[in-house]
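For the sequence shown, the positions run 402 to 521 when our numbering is used.
One structure is given below, encoded as structure tokens.
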Amino acid sequence: MSAGALGALQLPGVLTRLRADLLSYLRHVQWLRRAGGPSLRTLEPELGALQARLDRLLRRLQLLMSRLALPQAPPDPPAPPLAPPASAWGGIRAAHAILGGLHLTLDWAVRGLLLLKTRL
402 MSAGALGALQ LPGVLTRLRA DLLSYLRHVQ WLRRAGGPSL RTLEPELGAL QARLDRLLRR
462 LQLLMSRLAL PQAPPDPPAP PLAPPASAWG GIRAAHAILG GLHLTLDWAV RGLLLLKTRL
């Protein structure tokens, strides 16, 4: 995201996008836990903790949006189920991609929220 785009951020847009992104990553983490296979079994405690943290973060985000009287986003339509990875290596690659994307999303959210905090 460019510096100009960061300057144009508005609180409702940031929170709505963050909620949608976190819901998507929560769904992907749940999928990893179900379909990861033996190659990801060693990560089960960490994936479980990540899922719990995403759930808690989503609840807190919803509470914040309610307190600020921001418009509630319509419920997301049901998404088609994700196919299981084709191989053990495919599961590892999927986990790496999901967790890397989550890291970038959270980095974007922190930058946006810190910028908005200075404006409030």
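Each residue gets a CB set at the ideal place from its N, CA and C atoms; glycine is no exception.
Only a predicted model underlies this, so the values are computations on that prediction, with no experimental measurement involved.
Assigned secondary structure, residue 487 (DSSP; H/G/I helix, E/B strand, else coil): Against the sequence shown, residue 487 aligns to sequence position 86. Coil at residue 487, not helix or strand.
Close-in-space but distant-in-sequence residues of the same chain around residue 490 (CB under 8 Å, 5 per side omitted): Taking the sequence shown and counting its residues from 1, one reaches residue 490 at position 89. Sequence-distant partners of residue 490 (beyond 5 residues in either direction) whose C-beta falls short of 8 Å from its own C-beta, in its chain, are 440.
Of the listed residues 470, 430, 511, nearest to residue 482 (C-alpha basis): Residue numbering aside, residue 482 sits at position 81 when the sequence shown is read from its first letter. Of the listed residues, the one whose Cα sits closest to residue 482 is 430.
Straight-line Cα distance separating residue 422 from residue 517: By 1-based counting over the sequence shown, the position of residue 517 is 116. By 1-based counting over the sequence shown, the position of residue 422 is 21. Taking the straight line joining both Cα atoms gives about 18 Å.
Distance, residue 453 Cα to residue 459 Cα: Translated into positions along the sequence shown, residue 459 becomes position 58. Translated into positions along the sequence shown, residue 453 becomes position 52. Each residue's alpha carbon lies about 10 Å from the other.
For residue 424, three-class secondary structure by DSSP: The residue labelled residue 424 in the question sits at position 23 within the sequence shown. Residue state for residue 424 is assigned as helix, using DSSP reduced to three classes.
Cut-off 7 Å between Cβ atoms - residues of its own chain near residue 410, not counting five sequence neighbours on either side: Sequence index remark: in the sequence shown, residue 410 carries index 9 (1-based). Hits under 7 Å: 513, 516, 517.
Residue 472 in three-state terms, based on DSSP: Position 71 of the sequence shown, counted from the first residue, corresponds to residue 472. Coil, per DSSP.
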